[in-house]
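Undergrad: All letters in the sequence shown, in the order written, are residues 19 to 202 by my numbering.
Even for Gly, the Cβ is constructed at its ideal location relative to N, Cα and C.
Nothing here was measured: the structure is a model prediction, and the numbers come from that model.
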Amino acid sequence: MDARDSLAFEVFCCDILRPQGYSLTLLPIRKREGGCDFYGYFERRKILKKAIHTGIYPGHVGEPAYRVFGQAKRRISNVGVEETHTFVNQYEECSRNRGRAYSLLPEDFCTSPLYLKGLFCTSSNFTPEAQHVLTGSGVQFRVGLQLAWDIIFFFDAFFEQSGRFNKDEFVAHYSTEADNFYNS
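1) What would DSSP say about VAL97, mapped onto helix, strand or coil?
2) Just curious, the beta strand (DSSP E) that PHE144 is in, first and last residue?
3) For THR153, is the classification buried or exposed, using 16 other Cβ atoms within 10 angstroms of its Cβ as the cut-off for buried?
4) What is the residue span of the beta strand (DSSP E) that LEU122 lies within?
5) Considering only their Cβ atoms, is the gap separating SER24 from ARG118 smaller than 7 angstroms?
6) Once DSSP output is grouped into helix, strand and coil, what is the label at GLY162?
7) Please tell me whether THR145 and ASN96 are closer than 7 angstroms, where the distance is taken between their beta carbons.
8) In the DSSP output, what is SER41 paired with across the bridge?
9) Given that a residue counts as buried once 16 or more other Cβ atoms are within 10 Å of its Cβ, and exposed if not, what is GLU100?
10) In this structure, how does DSSP classify TYR84 when only helix, strand and coil are distinguished?
11) Starting from CYS128, trace the alpha helix (DSSP H) both ways and give me its first and last residue.
12) Mapping the DSSP letters down to three states, classify GLY136 as helix, strand or coil.
13) Short check: CB of VAL151 to CB of GLY136, under 7 angstroms?
14) Would LEU134 and ARG85 qualify as a contact pair, given that the criterion is a beta-carbon distance under 7 angstroms?
15) What residue from ASN115, THR140, CYS31 and ALA148 has the CA that sits closest to GLY98's CA?
16) Under 7 angstroms, do GLY39 and PHE60 count as touching if we go by C-beta distance?
17) Can you find the residues in the same chain that come closer than 7 angstroms, C-beta to C-beta, to PHE27, ignoring five residues on each side of it along the sequence?
Written out as structure tokens, the structure is:
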């Protein structure tokens, strides 16, 4: 796995979260030393139409919008405590309007009065200790199986809104990648 794989996963996370109400932007690669891969906003009203259509609504209507400070890790092995501590420390510094990551984010994002939440995505899972660190800090996290469910639930919206993928090519690519992983 190389840096291009990690970047592709970061783009994928931003794209799969978009139909769920997230508007996320990747930080330029040279600025990623601050513990933040992407930032943006979340607003539940963006998914209300999908929820009404399907009869499934993951959350409470009227929940206010908030800012998102996020990281994505493409891994085969579980993400450990050290990486989660690093992310949580940067997230907490940013929520106090200071720290390296804070200095790299756009001014309009930093000065927004909206609440800041952390979001950590991984293609694998977190160790139990790492999950404890994330849960204790209030950081939301998504693991590989949750992201797969997101694709299923928001499948059409994901492909319509991302504009990056052809549905058939996407399925063929990730089916081949999964076969290669399980057969190695």
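TA: This is what the structure gives:
1) strand
2) Looking at the DSSP string, PHE144 is not in any beta strand (DSSP E), and its letter there is neither H nor E.
3) exposed
4) From DSSP, LEU122 is part of no beta strand (DSSP E) but of the alpha helix (DSSP H) over 118–122.
5) no
6) helix
7) yes
8) TYR59
9) exposed
10) strand
11) 125–128
12) strand
13) no
14) yes
15) ALA148
16) yes
17) ALA90, ARG92 and SER141
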